[in-house]
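**Student:**
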Amino acid sequence: MRVAIIGGGIAGLAAAYELEKARADDPSIHYTLFESRDRLGGSLASQIVAGSVLECGPDSFLTEKAAAAELCRELGLGQDLLPSNDAARKTYIVVKNRLVALPDGLMFLVPTKLVPTALSPLFSLSTKIRMGLELLHPPRPSQQDESVAAMVERHFGREAVDRLADPLLSGIYGGDAAQLSARTVLPKLVEMEAEYGSLTRGMLAAHKKMREAMAARVAASTNGNGASSNGVNGKPPAPRGIFTTLRGGLQQLVDAVTSRLDPQAIRLNTAVSALQRTEDGWRVTSGNSTESYDAVIAASPAWAAGRLLGTVDAELGREMEGIPYSSSITVNLIFDESQLGELPEGFGFLVPASSGRAMLACTFAHRKFIGRTAPGKAVLRAFLGGINQEAMMDEPDNVLIATVRRELTEILGSRIIGPHIEPQHTQVNRWRRSMAQYAVGHQDRMKRINERVAMLPGLALAGNAYDGIGIPDCIRLGRQAAKRLVAVRAPSHATL
């Protein structure tokens with residue numbers, strides 16, 4: 041069995057890793073990993089500058105999604121898994137050039153503690169009243185998709201969209217809450233609305249169930265001597281961080297996967313220019329070479345994979361190219377901490393689109409993950425771009441750095457980071473059309489895509505455009521694609 045993997049991001053790497061494992065048991069399995077760029081990993085890339093880890097793309101993954109940590113442990117990186125410093129976790133929203141902390145009890149977009157919400161300067165009095173009355177919403181089952189903005193506004197008002205939904209989601213998707221699908225992006229909230237009506241009541245009920253389940257696990261793991269298999273002296277284990285990264289940067293994951301692959305199977309600087317379906321498989325053209333394969337895993341962005349597959353199935357190609365994408369920019373700044381004033385507590389801040397600023401967010405990276413920054417240094421990591429600022433991708437590095445420094449001074453104040461304070465190192469990274477947008481109707485689109493794929497034996501899709509945008513999702517989909525193709529291969533291939 042010969043498999044072509046198109047795209048060497050983390051989804052394609054995960055697929056190749058799974059096929060390499062299968063090859064150990066079945067030498068008839070062969071794969072080729074095509075990557076158009078000169079390196080593997082896609083947006084996963086890290087640099088270590090004077091003892092500080094700088095992430096060029098994403099800096100971590102959600103701990104609750106197990107696929108990434110599981111792969112790290114398989115690769116021997118378990119000891120390097122580093123949880124976020126949640127004891128110091130605090131996030132701010134920029135409101136009129138002032139940092140306002142998210143109120144205690146806010147679970148993503150839903151307030152669950154009325155007193156902290158009522159006392160927070162983040163919301164106006166009318167919004168606070170609306171949040172209180174939201175408890176009275178009746179159950180609302182619906183079969184229709186809608187935007188996140190429409191759902192949040194119906195429950196909490198327009199101000200909650202501007203100051204919560206939009207900045208929170210732009211930090212994850214680089215997208216616009218008015219375009220993102222509630223059913224895809226916030227499926228649990230859609231379920232809560234159908235069952236409880238009030239999202240606040242639904243979230244409180246879910247939190248209660250979570251506490252009860254955790255208490256049951258702790259009780260079950262504690263023996264008669266008061267010792268716990270997961271904790272110490274009968275105490276529950278310390279809570280995991282919301283985010284997890286690797287001590288040496290996420291490049292560690294890319295390097296570890298790559299080291300397990302057959303070097304002869306990796307083709308860098310090799311773009312696939314054409315795909316053709318044949319009676320017994322696929323023909324893949326790259327450069328002046330055309331080769332035959334039994335199966336193809338399309339792990340490149342949907343817009344690129346759609347162009348290739350459009351010659352095989354025009355409808356499938358149109359559907360895949362129709363998935364919107366946004367671009368993103370990260371700007372890393374290393375400062376001598378002694379030259380800065382005292383930064384606000386916490387991990388950083390989010391910037392609402394309504395503020396009219398270039399920055400979408402800024403992370404105090406030296407606080408989010410302890411031990412990845414050189415002593416006495418501070419790393420500020422700014423995010424720019426997004427679905428509404430594509431033109432920014434063409435700005436030169438010096439303009440982007442100057443923009444970030446100016447906005448940091450305006451938001452944090454000149455006493456903390458004045459224009460005279462020069463960073464010791466700067467780094468700009470651009471990721472063009474890298475973040476898939478799950479627009480309203482995404483689930484219906486995926487149903488149509490899956491139906492078309494099912495009609496093309498030997499084809500599998502993987503990447504952030506389909507069923508999860510995070511690193512664990514890409515790993516899960518890449519490995520699943522490989523496993524599925526191996527499981528359904530023709531019996532004759534197993535004896536070749």
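Counting in our numbering, the sequence shown runs from 41 upward without gaps. Glycine included, each C-beta is placed from N, C-alpha and C at the ideal position. None of the values given here were measured: they were computed from a predicted structure.
1) With a CB to CB cut of under 8 Å and the five nearest residues on each side skipped, what residues in its chain are close to Ile461?
2) Within 10 angstroms of its Cβ, does Thr318 collect 16 or more other Cβ (buried), or is it exposed?
3) Would you grab the beta carbon distance between Leu84 and Leu290 for me? Rounded to a whole angstrom, and I think it's under 8 Å.
4) Compare the C-alpha of Tyr236 against each of Gln87, Pro178 and Leu173 and name the closest.
5) Which runs of the alpha helix (DSSP H), 4 residues or longer, sit entirely within the region 171-229?
6) Could you check the C-alpha separation between Leu47 and Ala339 for me, to the nearest Å?
7) Quick check: Pro364 and Ala479, are their CB atoms within less than 8 Å of each other?
8) Closest by CA to Pro98, which one among Leu452, Gln483, Ser368 and Met243?
9) Below 6 Å CB to CB, which residues in the same chain sit around Gln87 once its five sequence neighbours on both sides are set aside?
10) Can the beta-carbon of Arg223 be found closer than 8 Å to that of Gly197?
11) Rounded to the nearest angstrom, what separates Leu53 and Leu525 at their Cα positions?
12) Count the other C-beta atoms from every protein chain shown that fall within 10 angstroms of the C-beta of Thr285, then say buried if there are 16 or more, exposed otherwise.
13) Leu162 by DSSP, collapsed to three states: which one?
14) If you count every other CB in all the chains shown that lies within 10 Å of the CB of Ala267, and 16 or more means buried, which is it?
15) Where does Pro341 land, buried or exposed, given buried means 16+ other C-beta within 10 angstroms?
16) From which residue to which residue does the beta strand (DSSP E) around Gly237 run?
17) With a CB to CB cut of under 7 Å and the five nearest residues on each side skipped, what residues in its chain are close to Glu199?
18) Let me know the secondary structure DSSP gives Met147 once reduced to three states.
19) Looking at the unbroken beta strand (DSSP E) that takes in Asn469, where does it start and where does it end?
20) Report buried or exposed for Arg519, applying the criterion of at least 16 other Cβ atoms within 10 angstroms of its Cβ.
21) Quickly, what does DSSP pair Gln316 with across the bridge? List them, please.
22) Determine the extent of the beta strand (DSSP E) in which Lys417 is found, giving its start and end residues.
23) Distance, Cα to Cα, Met495 vs Arg488?
24) Does the region 423-441 touch the region 238-249, meaning 3 or more C-beta pairs lie closer than 8 Å?
25) Out of curiosity, what's the CA-to-CA distance linking Asn328 and Gly215?
26) What does the alpha-carbon distance come out to for the pair Gly50 and Leu293?
27) On a CA-only basis, which of Val150, Pro151 and Lys130 is nearest Ala141? Give me that one, please.
28) Let's test the definition: count the other Cβ atoms within 10 Å of the Cβ of Leu59 and tell me whether it reaches 16, buried, or not, exposed.
29) Assign Asn309 to buried or exposed, taking buried as 16 or more other Cβ atoms, counted over all protein chains shown, within 10 Å of its Cβ.
30) For the alpha helix (DSSP H) containing Leu452, name the first residue and the last one.
31) What does a CB cutoff of less than 7 Å around Lys523 pick up in its chain, not counting 5 residues either side in sequence?
32) In the DSSP assignment, find the unbroken alpha helix (DSSP H) run with Leu373 in it and report its ends.
33) DSSP state of Ile282, grouped into three classes?
34) How would you write the range of the alpha helix (DSSP H) that Met486 sits in, first residue to last?
35) If you count every other CB in all the chains shown that lies within 10 Å of the CB of Asn372, and 16 or more means buried, which is it?
36) Just grab the DSSP bridge partners of Leu139 for me.
**Tutor:** On the basis of the coordinates in this document:
1) As a first step, residue 461 must be located in the sequence shown, where it is residue number 421. Once the five neighbours on either side are set aside, the close Cβ partners of Ile461 are Phe375, Gln379 and Leu380.
2) Here residue 318 corresponds to residue number 278 of the sequence shown, with the count starting at 1. The residue in question, Thr318, is exposed, as its Cβ has fewer than 16 Cβ neighbours within 10 Å.
3) Translated into the one-based positions of the sequence shown, residue 84 becomes position 44. Translated into the one-based positions of the sequence shown, residue 290 becomes position 250. Yes, Leu84 and Leu290 are in contact; Cβ-Cβ is about 5 Å, under 8 Å.
4) Taking the sequence shown and counting its residues from 1, one reaches residue 236 at position 196. Taking only the C-alpha atoms, the option nearest Tyr236 is Pro178.
5) 188-196, 206-213 and 222-225
6) On the sequence shown, residue 47 is found 7 positions in, with the first residue counted as 1. On the sequence shown, residue 339 is found 299 positions in, with the first residue counted as 1. Here the sequence assigns Gly to residue 47, which means Leu is not the residue at that position. Roughly 5 Å separates the two Cα atoms.
7) Along the sequence shown, read from residue 1 onward, the residue named residue 364 stands at position 324. Along the sequence shown, read from residue 1 onward, the residue named residue 479 stands at position 439. In this structure, Ala479 lies closer than 8 Å to Pro364 by Cβ.
8) Locating residue 98 in the sequence shown gives position 58, counting from the first residue. Checking every option, the nearest Cα to that of Pro98 belongs to Ser368.
9) To locate residue 87, count along the sequence shown from 1; it is residue 47. Annotation for Gln87: Leu94 place their beta carbon closer than 6 Å to its own, counting only its chain and skipping 5 residues before and after.
10) Within the sequence shown, residue 223 is the residue found at index 183, counting from 1. Within the sequence shown, residue 197 is the residue found at index 157, counting from 1. For Arg223 and Gly197, no; Cβs fall outside 8 Å.
11) The sequence position of residue 53 within the sequence shown is 13, counting from 1. The sequence position of residue 525 within the sequence shown is 485, counting from 1. Straight-line Cα distance between these residues: approximately 16 Å.
12) Position 245 of the sequence shown, counted from the first residue, corresponds to residue 285. With 16 or more other Cβ atoms within 10 Å, it is buried.
13) By one-based count along the sequence shown, residue 162 stands at place 122. If DSSP states are grouped into helix, strand and coil, Leu162 belongs with coil.
14) Position 227 of the sequence shown, counted from the start, is the residue given in the question as residue 267. Because the pLDDT of Ala267 is 49, which lies under 50, any placement of that residue in the model is unreliable, and the number read from its coordinates should be weighed accordingly. By the neighbour-count rule (16 or more Cβ atoms within 10 Å), Ala267 is not buried but exposed.
15) One-based indexing of the sequence shown puts residue 341 at position 301. By the 10 Å Cβ count, Pro341 comes out buried.
16) The count along the sequence shown starts at 1 and reaches residue 237 at position 197. Counting along the chain, Gly237 falls outside any beta strand (DSSP E), and DSSP gives it neither H nor E.
17) Counted from its first residue, the sequence shown places residue 199 at position 159. For Glu199, where only same-chain residues beyond five positions count, the Cβ hits under 7 Å are Phe163, Ser164 and Thr167.
18) For the purposes of this step, residue 147 is identified with residue 107 of the sequence shown, where counting begins at 1. Strand.
19) By one-based count along the sequence shown, residue 469 stands at place 429. From DSSP, the beta strand (DSSP E) with Asn469 extends over His465 to Ala476.
20) Residue numbering aside, residue 519 sits at position 479 when the sequence shown is read from its first letter. Buried.
21) As a working note, residue 316 is residue 276 in the sequence shown. In DSSP, Gln316 forms a bridge with Arg323.
22) Numbered from 1 along the sequence shown, position 377 holds the residue referred to as residue 417. Run containing Lys417: Lys417 to Gly425, per the beta strand (DSSP E) assignment.
23) Within the sequence shown, residue 495 is the residue found at index 455, counting from 1. Within the sequence shown, residue 488 is the residue found at index 448, counting from 1. Answer to the nearest angstrom: the Cα atoms are 11 Å apart.
24) no
25) Position 288 of the sequence shown holds residue 328. Position 175 of the sequence shown holds residue 215. Roughly 38 Å between the two C-alpha positions.
26) Along the sequence shown, read from residue 1 onward, the residue named residue 50 stands at position 10. Along the sequence shown, read from residue 1 onward, the residue named residue 293 stands at position 253. Rather than Gly, the amino acid found at residue 50 in this sequence is Ile. Answer to the nearest angstrom: the Cα atoms are 9 Å apart.
27) Stepping through the sequence shown from its first residue, residue 141 is reached at position 101. Comparing Cα positions, the closest option is Lys130.
28) Within the sequence shown, the letter at position 19 stands for residue 59. Classification for Leu59: buried.
29) If you number the sequence shown from 1, residue 309 lands on position 269. Label assigned to Asn309: exposed.
30) Counting from one through the sequence shown, the residue named residue 452 turns up at place 412. Note, Leu452: alpha helix (DSSP H), Asp437 to Leu452.
31) Walking along the sequence shown from the start, residue 523 turns up at place 483. Sequence-distant Cβ neighbours of Lys523 in its own chain, meaning closer than 7 Å and more than five residues away, are Glu58.
32) Along the sequence shown, read from residue 1 onward, the residue named residue 373 stands at position 333. No alpha helix (DSSP H) holds Leu373; the beta strand (DSSP E) holding it covers Tyr365 to Asp376.
33) Taking the sequence shown and counting its residues from 1, one reaches residue 282 at position 242. Note: Ile282 maps to coil in three-state DSSP.
34) As a position in the sequence shown, residue 486 is number 446, starting the count at 1. For Met486, the enclosing alpha helix (DSSP H) starts and ends at His482 to Ala494.
35) If you number the sequence shown from 1, residue 372 lands on position 332. Flag for Asn372 reads buried.
36) In the sequence shown, the residue the question calls residue 139 occupies position 99. Paired residues: Val134.
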